[in-house]
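A.B. asks: Shown below is the structure under consideration.
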């Protein structure tokens, strides 16, 4: 089984919406001169707003496996357990998983070791 694999910083966008706090990646890419052309993931592919459309298009292409990660700064915006969960972030990932199931994907959750909060 070969999954199509994406990370939140690559596709989600919506870097400061729905209770999400800046991640280490956001901080780095918003520092002038750190990234070529001062590119950042503020919008990226806008998967946050378009995931339903994205999954339908991917299904039409015959994609059956999708590996994804959570953006911890969308789930724990203060960066630590016990400081409060962002339920808007949980709702986003629940809706995304529901859409994957609806489109008959094999959903694979992977949390990379370098996914850290700011």
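Numbering (my numbering), first residue to last: 80 to 197. The C-beta atom is built at its ideal place from N, Cα and C for all residues, glycine as well.
#1: Using the beta-carbon count (16 or more within 10 Å), is residue 155 buried or exposed?
#2: Would the beta-carbon of residue 122 fall within 8 Å of that of residue 92?
#3: How about residue 103 and residue 126: are their beta carbons less than 8 Å apart?
#4: At the level of alpha carbons, what is the spacing between residue 146 and residue 112?
#5: Which residues in the same chain as residue 190 place their Cβ atom closer than 6 Å to its Cβ, once the five residues preceding and following it in sequence are excluded?
#6: Report the residue ranges of all alpha helix (DSSP H) runs contained in full by the stretch 83-107; include only those spanning at least 4 residues, in chain order.
#7: Is it buried or exposed for residue 177, if we count other Cβ within 10 angstroms and need 16 for buried?
#8: Could you round the C-beta distance between residue 150 and residue 87 to whole angstroms and report it? I think they count as a contact, below 8 Å.
#9: Just tell me which of 115, 114, 124, 144 has its CA closest to the CA of residue 94.
C.D. replies: Looking at the atomic coordinates:
#1: What you label residue 155 is simply residue 76 of the chain shown in a count that begins at 1. It is buried - the Cβ of residue 155 has at least 16 other Cβ atoms within 10 Å.
#2: In the chain shown, counting from the first residue as 1, residue 122 sits at position 43. In the chain shown, counting from the first residue as 1, residue 92 sits at position 13. Yes, the Cβ-Cβ distance between residue 122 and residue 92 is below 8 Å.
#3: The sequence position of residue 103 within the chain shown is 24, counting from 1. The sequence position of residue 126 within the chain shown is 47, counting from 1. No.
#4: Position 67 of the chain shown, counted from the first residue, corresponds to residue 146. Position 33 of the chain shown, counted from the first residue, corresponds to residue 112. Rounded to whole angstroms, residue 146 to residue 112 spans 31 Å at the Cα level.
#5: Counted from its first residue, the chain shown places residue 190 at position 111. Taken in chain order, the residues that qualify are 148.
#6: 87-90
#7: As a working note, residue 177 is residue 98 in the chain shown. Exposed.
#8: Within the chain shown, residue 150 is the residue found at index 71, counting from 1. Within the chain shown, residue 87 is the residue found at index 8, counting from 1. The Cβ separation is near 4 Å, so the contact holds.
#9: In the chain shown, residue 94 corresponds to position 15, counting from 1. Minimum Cα distance to residue 94 is reached at 124.
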